[in-house]
């Protein structure tokens with residue numbers, strides 16, 4: 219079974235006042251933190267870039283297990299980046315669809331998450347305190363459903379498709395709800411993790 223990681227890092231990070239993927243935790247960019255954790259459980263990692271693509275490429279440690287895909291339509295929204303990434307993953311049985319907002323998920327989350335893979339389902343999503351979060355495991359059996367959706371679509375609209383078989387995993391990782399949209403949110407999460415600013 220082949221599992222890939224898919225990180226969306228194409229957006230403008232408009233409210234952050236800094237470019238989100240390149241924010242640092244203990245002298246390491248948050249995108250590198252996420253990549254390193256994904257590579258522990260994934261065969262490869264696809265990074266979809268757009269805005270400041272060259273800057274992202276310049277700071278990522280080189281590896282033949284990491285591939286960059288440029289989304290020239292990144293300004294149209296995140297769903298175009300998801301489609302761009304999935305179009306490169308036809309050989310993967312499962313994809314961990316990951317935002318750059320969750321760099322604080324512990325390594326054990328990922329090994330725990332992939333053990334939830336079950337061929338009776340094609341969409342596996344964690345929840346904490348009955349609220350769903352990210353990342354999401356997506357089966358190859360629904361890649362084409364996503365790719366066929368219009369660029370203005372969303373996973374939310376697709377999730378009502380009768381072909382989608384969801385497994386909602388009640389987990390003990392509150393970090394699945396992390397959101398990094400503003401400097402204040404980033405500082406709050408650093409303080410929660412006991413990391414000095």
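In our numbering, the protein residues as written are 219 to 415.
Even for Gly, the Cβ is constructed at its ideal location relative to N, Cα and C.
Just so we're clear, the structure is a prediction, and the values are computed from it rather than from any experiment.
Which term fits residue i, buried or exposed, when burial requires 16 or more other beta carbons within 10 angstroms of its beta carbon?
i, result
"residue 369", "exposed"
"residue 280", "exposed"
"residue 380", "exposed"
"residue 318", "buried"
"residue 401", "exposed"
"residue 362", "exposed"
"residue 378", "exposed"
"residue 412", "exposed"
"residue 333", "exposed"
Taking the alpha carbon of residue i as the reference point, which residue from the options has its own alpha carbon closest?
i, options, result
"residue 220", "312, 304, 270", "312"
"residue 309", "319, 350, 358, 371", "358"
"residue 390", "326, 414, 318", "326"
"residue 237", "257, 269, 260", "269"
"residue 295", "346, 229, 374", "229"
"residue 241", "260, 257, 278, 261", "278"
"residue 342", "234, 303, 316", "316"
"residue 282", "260, 272, 300", "260"
"residue 298", "367, 329, 321", "367"
"residue 353", "307, 371, 386", "386"
Below 8 Å on the Cβ atoms is my contact criterion, and I expect residue i with residue j to pass it. Report the Cβ-Cβ distance as a whole number of Å.
i, j, result
"residue 324", "residue 394", "Not really, about 11 Å apart at Cβ, beyond 8 Å."
How far does the beta strand (DSSP E) with residue i in it reach, from first residue to last?
i, result
"residue 344", "341-346"
"residue 318", "Counting along the chain, residue 318 falls outside any beta strand (DSSP E), and DSSP gives it neither H nor E."
"residue 262", "262-267"
Below 8 Å, can you find three or more Cβ-Cβ pairs linking the region 223-243 to the region 254-268? yes
Are the region 285-293 and the region 241-256 touching by the rule of at least three beta carbon pairs closer than 8 Å? no
Are three or more beta carbon pairs between the region 338-347 and the region 238-246 nearer than 8 Å? no
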